[in-house]
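Colleague: Read left to right, the sequence shown gives residues 586 to 704 (my numbering). Structure below; questions to follow.
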Amino acid sequence: MRNVIEPLRRLTTRLPPTLLRGIAWPLAVPFTALVKLIYQPPRAAGLARRLPLGDYIASLSDFSFRHIYNIVFDQLVAPTAAYIRGEELRSWFETAGLEDVSVVSRHGNSWRGRGSAPG
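If you want it as structure tokens, here you go:
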């Protein structure tokens with residue numbers, strides 16, 4: 586995903602939002618088709634995990650075209666993206682002094698974490 590989005594993002598972040606909306610729409614059409622036609626049916630059968638970014642893309646299958654379009658637009662408009670490892674996220678929680686830290690993968694492409702304040 587990074588190999589596709591990052592080079593494109595270097596160009597699209599310099600474009601005016603109106604033009605970027607026009608670029609995002611034709612990209613969202615085939616992506617929505619991919620989500621709905623390829624990733625949605627296997628999810629019901631548990632096969633989505635075998636496909637590239639399966640958990641993440643299958644999680645989009647219940648979204649409307651408009652929602653998927655907004656995801657595409659957001660990816661293209663963001664000037665930077667930071668990709669961190671789960672261990673690094675965990676260290677942020679621990680450095681902040683949180684207890685009962687939990688960091689888990691979300692859809693195989695991102696992390697989510699939580700912790701409790703001491704005491």
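All C-beta atoms, glycine included, are put in the ideal place defined by N, C-alpha and C.
1. Grab the span of the beta strand (DSSP E) containing Arg634 for me, first residue to last.
2. If distances are taken between C-alpha atoms only, which option among Ala613, Leu612 and Gly639 comes closest to Gln625?
3. Taking the alpha-carbon of Ser701 as reference, which of Ser687, Gln660, Thr665 and His692 has the nearest alpha-carbon?
4. Assuming Thr617 contacts Ile642 (C-beta within less than 8 Å), just tell me the rounded distance between them.
5. Mapping DSSP to helix, strand and coil, what is Gly698?
6. Does the distance from the C-beta atom of Ala609 to that of Phe658 stay below 8 Å?
7. Exposed or buried, what is Leu604 when buried is set at 16 or more other beta-carbons lying within 10 Å of its beta-carbon?
8. Assign Arg651 to one of three DSSP states: helix, strand, or coil.
9. Under three-state DSSP, which class holds Arg594?
Modeller: In terms of the structure at hand:
1. Counting along the chain, Arg634 falls outside any beta strand (DSSP E), and DSSP gives it neither H nor E.
2. Gly639
3. Ser687
4. About 11 Å separates the two Cβ atoms, so there is no contact after all.
5. Strand at Gly698.
6. yes
7. exposed
8. helix
9. helix
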